[in-house]
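A quick write-up on the structure given underneath.
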Amino acid sequence: MAPPSFEFVVQEGNLAPSKITQTKIRRQAMKAVAAARRHTGRYGKHNLRQHTVSYTKTDSDLSPAAVPVEDRDKRVVVHKKRSDHGRGDDDHYPNQEIACRATDETVAMAPTKLSTSWFFSGLELFMMDYSIQPADLSALTSIHLGLVASALFAVQPAKLKELLSCRQWSYFEHMYSRYGHSACLDDAIRCLIMGAQYLLAPSSRTSSGMILAQYGTALKSLQKAINDPNGWADPDTLCATHILQLFSVLYPAACNAQTWSQHLSGCMRMMQLKGPHDFKTDYEKALLTTFAASITTETLLQNQVCFLEEPGWQEAVAACKLETDLFSDRSPFAIEIANLIHRLPGACKRVGDVVCGDNPSAEDIERVRQEVRQLRKEIRLFRNRFDTQLIVELPLSTVSVSDKYKRLDTLANALMCEILSARLMGSVSVSERFLMEDEIQQHGSYISKMEETSNGNDYRTAFYMSQKGVIVLSLMDTSPLWRAPCRSDDIIEAWKFRRWCDALPRRSP
1 MAPPSFEFVV QEGNLAPSKI TQTKIRRQAM KAVAAARRHT GRYGKHNLRQ HTVSYTKTDS
61 DLSPAAVPVE DRDKRVVVHK KRSDHGRGDD DHYPNQEIAC RATDETVAMA PTKLSTSWFF
121 SGLELFMMDY SIQPADLSAL TSIHLGLVAS ALFAVQPAKL KELLSCRQWS YFEHMYSRYG
181 HSACLDDAIR CLIMGAQYLL APSSRTSSGM ILAQYGTALK SLQKAINDPN GWADPDTLCA
241 THILQLFSVL YPAACNAQTW SQHLSGCMRM MQLKGPHDFK TDYEKALLTT FAASITTETL
301 LQNQVCFLEE PGWQEAVAAC KLETDLFSDR SPFAIEIANL IHRLPGACKR VGDVVCGDNP
361 SAEDIERVRQ EVRQLRKEIR LFRNRFDTQL IVELPLSTVS VSDKYKRLDT LANALMCEIL
421 SARLMGSVSV SERFLMEDEI QQHGSYISKM EETSNGNDYR TAFYMSQKGV IVLSLMDTSP
481 LWRAPCRSDD IIEAWKFRRW CDALPRRSP
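Residue numbers (UniProt numbering): 1 to 509.
Right, dumping it as C-alpha cells:
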C-alpha cells in the first residue's frame with residue numbers, strides 16, 4: 001500500500017466548494033479504501049446487494065433460481081433490495097416473491113450498470129443465506145455406501161461438519177461456472193445445500209416443508225430434463241442425478257431406503273446410453289471418476305456385473321488420469337486400482353453362480369478360478385509398484401498431511417481388492433482357503449487400524465474407511481465358515497457363500 005500523503009485545498013470563504021475541490025476531498029477520503037480494494041481484487045466491482053429494487057423477467061435467458069421450475073417463463077418476479085443492517089423476517093432474497101405480473105406487461109428491466117456476472121449472483125446470494133459453498137460439499141463424493149453413510153449422519157450429525165471441513169478435488173469445483181445454465185442442476189444443488197444446512201444448524205430456512213418443496217421441485221426439473229430428447233445426455237443432468245443421490249443420504253426423511261439405489265440406477269443407465277466415448281471435458285471426466293466408485297459398490301451389492309469392466313469403459317476411466325498428480329482420485333495409481341476394482345463385481349457374480357449353481361461343470365469352475373487368480377496377480381503387481389514408489393522412494397517429509405491420508409485411500413482400495421479376491425479364491429479353491437483367510441484377517445486388521453489412525457486427524461479419510469469397515473467386518477465374521485471342513489469337490493458350500501452375502505448385506509446368487 002502506498003504511504004499516506006496529504007493534499008491541501010483552499011476554502012473559498014462562505015461559498016460552497018467547487019466541483020474540483022469536492023473531487024479532491026472525496027478522492028483523499030477514499031484513498032486508503034481504494035488501495036485496499038485494489039490489493040484484494042475487488043476494486044471497481046459492484047455490490048449487487050446494494051442495488052435498488054429491480055424487475056427481472058424470468059425467461060430462459062436469465063437466472064432460473066428465483067421461481068419454481070414449473071412457473072418459469074410464466075411470471076415476472078420483483079426482487080427486494082437486501083437490508084444493509086442484517087436480515088429481517090421479510091428479507092429472504094432471492095427466495096421471496098414480492099409481486100407477479102403477466103409476461104405481456106411492460107417490465108422495467110434491471111439497470112444496465114449491473115455486473116455481467118448476474119447469472120451467478122443467485123448462487124452467491126444463496127451461499128450467503130446458508131453459509132455453505134459447493135466446494136464445501138466436495139468430501140461428500142467419498143460416500144459409496146448410501147445406507148451406511150446415512151446411518152452415520154443420523155447417529156452423529158456432527159460428522160457432517162467434520163466432513164465439510166475437508167475439501168478435496170471434485171466435480172463440485174465446476175458448480176460455480178455451471179450454475180444458471182440448467183434448471184435441474186440449479187434445483188439439485190440448492191436442495192443439497194438446504195439438506196446439509198438442516199443437519200448442521202436447523203432453522204426456519206431449513207424447515208421440513210421448505211426442504212420437501214425444494215426436493216419436489218428438483219425431481220420435477222430432473223424428470224423434465226430426462227424426458228427432453230437432448231437434455232438427458234447433458235452432463236448437468238447426470239450431475240443433478242448424483243447430487244440428489246447425495247441428498248437422500250443427508251435427508252432420508254424425504255426418501256425411502258431404495259432412493260439411493262434408484263438415483264444411482266438412473267446414473268448408470270444414462271452413462272450406458274451416452275457411451276464411454278462421450279466423457280471428454282474435464283467436467284465430464286470429474287463426473288465419471290466420482291460415479292465409478294459408487295457404481296462398483298452398488299453392482300457388487302446387487303450381484304450384478306459392473307459395465308465399467310468392459311474394455312471401452314476401462315479406456316475411458318484410464319483417460320481421466322492426471323500424470324502430474326500423485327494423490328487425487330485422478331492420479332495414475334488411483335485410476336489403475338479403480339480399473340482393477342471395476343472387475344470385482346463381475347468376478348464375484350460369476351463365482352457365486354458357480355458355487356450356488358446346480359452341478360457346475362469342471363470347465364466352469366476352472367474358468368472362474370483362473371479369472372480370480374489373474375485378478376489377484378494384477379493386484380499384487382500394483383501393490384509392489386505402489387509400495388515401492390509412494391512408500392519407499394517418496395520421503396514422508398515431502399508429503400503434506402492431506403496427501404498422506406489421500407495415499408491411505410489408494411492403499412485401502414488395494415487392500416479391499418485383495419481381501420475380496422481372497423474370499424473368491426477360497427470359494428473356488430478350498431485347498432487354498434486357509435492361506436486366503438489368513439490374508440483376509442491380516443489386511444482387514446490393517447484397514448481397521450488405518451481408520452483409527454485417521455480418526456481425529458483427517459475426518460474425510462476416517463469417514464471413507466468407516467464405509468470400508470462394513471465389508472471388512474462381513475469377511476472377518478464369516479471367516480470361521482471357510483476354515484471349517486468343506487466338501488471334497490474343491491468349492492465352498494452354497495449356504496456358506498450365501499451366509500457371507502447376507503452379512504454384507506449383498507443379494508444372494
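Cβ coordinates follow ideal geometry from the N, Cα and C atoms, glycine included.
DSSP places tyrosine 179 outside both helix and strand once states are collapsed to three, so it counts as coil.
For the pair tryptophan 482 and alanine 503, the Cα-to-Cα distance works out to about 14 Å. CA-CA distance, asparagine 230 to serine 170, rounds to 25 Å. Pairwise C-beta distances place the stretch 220-235 out of contact with the stretch 139-155, as fewer than three of them are shorter than 8 Å.
Comparing alpha carbon positions, the residue from Gln302, Ile25, Val372, Ala240 closest to isoleucine 189 is Ala240.
Beta-carbon to beta-carbon, glutamine 441 and methionine 476 are separated by about 6 Å, close enough to satisfy the 8 Å threshold. Boundaries cannot be given for tryptophan 169, as no alpha helix (DSSP H) includes it and DSSP labels it neither H nor E. Per the Cβ contact rule, the stretch 339-357 is in contact with the stretch 406-421 (3 or more Cβ pairs under 8 Å). With respect to alanine 139, glutamate 173 sits apart: the two C-beta atoms are not nearer than 9 Å. Per DSSP, reduced to three states, the secondary structure at glycine 275 is coil, with no helix or strand assignment. In terms of CA proximity to isoleucine 365, Ala347 leads the group Arg376, Leu381, Ala347, Glu378. A straight line joining the alpha-carbon of cysteine 255 with that of serine 248 spans about 6 Å.
Within the same chain, Phe153, Ala196, Leu199, Leu200, Leu250 come within 8 Å of leucine 160 by CB-CB distance, once the 5 residues on both sides are set aside. No Cβ-Cβ contact shorter than 9 Å links isoleucine 295 with leucine 287. With respect to the C-alpha of proline 202, the residue from His263, Ser131, Ile337, Gly180 having the closest C-alpha is Ser131. Take serine 421, set aside five residues on each side of it, and the residues of its chain with a beta-carbon closer than 8 Å to its own are Leu344, Ala347, Val372, Leu375, Arg376, Ile379, in chain order. Within the same chain, Val69, Ala183, Cys184, Gly231 come within 8 Å of lysine 224 by CB-CB distance, once the 5 residues on both sides are set aside.
Assignment of threonine 237 by DSSP, reduced to helix, strand and coil, places it in the helix class. Around the C-beta of histidine 277, fewer than 16 other C-beta atoms lie within 10 Å, and the residue is accordingly described as exposed. When the alpha-carbon of serine 479 is set against those of Gln28, Val351, Leu435, Ala158, the nearest one is in Leu435. By the Cβ rule, the stretch 265-274 does not count as touching the stretch 321-334, because fewer than three pairs are nearer than 8 Å. A contact between stretches requires three or more CB pairs, one per stretch, nearer than 8 Å, and the stretch 208-215 fails this requirement with the stretch 257-268. Separation of the CB atoms of alanine 494 and valine 305 is rounded to 20 Å, and the pair is thereby denied contact status at 8 Å.
Note on glutamine 258: under 16 other CB atoms within 10 angstroms of its CB, so exposed under the neighbour-count rule. Classified as buried, leucine 244 has 16 or more neighbouring CB atoms from the shown chains inside 10 Å of its CB. Within the same chain, and ignoring the five residues on either side of phenylalanine 463 in sequence, the residues whose Cβ sits closer than 7 Å to its Cβ are Ser142, Lys159, Leu163.
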